[in-house]
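Notes for the one structure printed next.
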């Protein structure tokens, strides 16, 4: 008998917040655990819970973006690992996303998560690019040398698609961020060439000291983008008590 034959999937409900809060740390990321109200508004609509004999053994959070499914979270409970639960979760995601009209799917995985990489590779995923996370103490950010020429500003809705194309982001990625409350989207602009949308881009929530994605085409622009965006007054919220800020750099091959 298939070891996963007794596992079932269902859409998350508000009462599942505790399962999400208990398993999110298993991802090994700095993402804060959202309070129930915000989780139910932002994550719950795309979250699936997986149960075996009434016990939750994992969850997944998926965000459809047009014809692409962005698999944001895949977590298997510690006591359910090594039995094919992760593969079952991925199969169920694929089935549901195909039914929703998606023809492709993407995800991020930490380089040291060998079991997950092995699973994803076995079902056809291939590496597209590297990302890197950096932590900077606020006092370091505040003393970075200024970079003349570029300025940071909020992205207007009419610019969403232009920024997505410039950085090869998933279609509707920025539009999906706008659907969530509290996110700030910014780009780096050259006053001499304001139509160049490919200098630097990021989105963040002031209460969490981090930016993701944080994209720039080269190291010079990346350094400048870091300096300019890190200084924005709205970046450091009074609700954030962290002594550091985090930037996750996309499409970074260095």
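Numbering (this note's numbering), first residue to last: 2 to 255.
The C-beta atom is built at its ideal place from N, Cα and C for all residues, glycine as well.
These numbers come from a predicted model, not from an experiment.
Could you tell me how far apart the beta carbons of residue i and residue j are, in whole angstroms, since I believe they sit closer than 8 Å?
i           : j           : result
residue 177 : residue 64  : 6 Å
residue 1   : residue 105 : Because the chain spans 2 through 255 in this model, residue 1 falls outside it and cannot be assessed.
residue 189 : residue 175 : Wrong, their Cβ atoms sit about 15 Å apart, outside the cutoff.
residue 85  : residue 5   : 5 Å
residue 72  : residue 108 : 4 Å
residue 1   : residue 29  : There is simply no residue 1 to check, as the chain begins at 2 and stops at 255 in what is shown.
Could you give the DSSP three-state label for residue i: helix, strand or coil?
i           : result
residue 95  : helix
residue 189 : strand
residue 154 : strand
residue 136 : strand
residue 34  : coil
residue 221 : In this predicted model, residue 221 has a pLDDT of only 47, less than 50, meaning its place in the structure is not dependable; the value taken from the coordinates is given anyway. Helix.
residue 199 : coil
residue 234 : Per-residue confidence for residue 234 stands at a pLDDT of 48, beneath the threshold of 50, marking its modelled position as unreliable; the derived number appears in the next sentence. Correct three-state label for residue 234: helix.
residue 83  : coil
residue 194 : coil
residue 168 : coil
residue 29  : coil
residue 163 : helix
residue 176 : helix
residue 4   : coil
Taking the DSSP output, what are the residues bridged to residue i?
i          : result
residue 60 : 50 and 76
residue 14 : Looking at the DSSP assignment, residue 14 forms no beta bridge with any residue, so it has no partner.
residue 71 : 64 and 107
residue 9  : 52
Kindly indicate which residue of the options has the alpha-carbon position closest to the one of residue i.
i           : options           : result
residue 20  : 55, 72 and 113    : 55
residue 10  : 36, 18 and 94     : 94
residue 179 : 25, 31, 13 and 66 : 66
residue 160 : 173, 40 and 115   : 173
residue 120 : 98, 37 and 90     : 90
Which runs of the alpha helix (DSSP H) at least 4 residues long sit entirely within the region 92 to 131? Give them in chain order. Uninterrupted alpha helix (DSSP H) stretches at least 4 residues long and entirely within the region 92 to 131 occur at 115 to 123, given in chain order.
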